[in-house]
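Residue numbers (full-length UniProt numbering): 1 to 140. Okay, structure first, notes after.
What follows is the structure, given as structure tokens:
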């Protein structure tokens with residue numbers, strides 16, 4: 001879900017898979033800083049933290065068409081997966097990643113001039129998306 005979201009947002013803003021602006025409308029750049037940071041060489045990097053308990057999911061995103069656009073430090077993943085079990089995503093394996101996830105989110109937030117909110121995209125099924133995606137982890 002998250003990788004498709006970033007493909008669509010990148011396309012709407014005219015950002016190609018390498019992070020360069022290739023659009024043709026000024027409007028595409030008008031609010032680009034809502035979702036992207038501008039890095040060296042006019043490259044745009046998503047303000048995204050990607051989390052999963054299964055490393056294979058992160059590998060799929062990295063090797064996908066937009067995989068190189070993300071900051072490598074913003075991939076947070078476990079080694080075992082949750083096996084579609086909500087309790088593993090919420091109480092055990094997922095709970096072990098919460099501190100690292102919050103740390104990466106904090107670093108992203110500190111890079112913002114005027115943080116106004118978060119947009120959380122997660123699956124509703126499975127262990128990681130439903131269990132670890134519960135916002136109470138972020139609230140505390």
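Backbone N, C-alpha and C fix where the C-beta goes; we use that ideal spot for every residue, glycine too. These figures come from a predicted structure and were not determined experimentally.
Exposed unless 16 or more other CB atoms sit within 10 angstroms - verdict on residue i
{"i": "residue 96", "result": "exposed"}
{"i": "residue 115", "result": "exposed"}
{"i": "residue 12", "result": "exposed"}
Contact belief for residue i with residue j at Cβ below 8 angstroms, rounded distance in angstroms
{"i": "residue 66", "j": "residue 110", "result": "Actually they are not in contact, since the Cβ atoms of residue 66 and residue 110 sit about 24 angstroms apart, beyond 8 angstroms."}
{"i": "residue 47", "j": "residue 108", "result": "6 angstroms"}
{"i": "residue 36", "j": "residue 49", "result": "About 14 angstroms separates the two Cβ atoms, so there is no contact after all."}
Helix, strand or coil at residue i [DSSP, three-state]
{"i": "residue 27", "result": "helix"}
{"i": "residue 75", "result": "strand"}
{"i": "residue 50", "result": "strand"}
{"i": "residue 33", "result": "helix"}
{"i": "residue 13", "result": "coil"}
{"i": "residue 115", "result": "coil"}
CB contact flag (residue i, residue j, <9 angstroms)
{"i": "residue 2", "j": "residue 69", "result": "no"}
{"i": "residue 80", "j": "residue 54", "result": "yes"}
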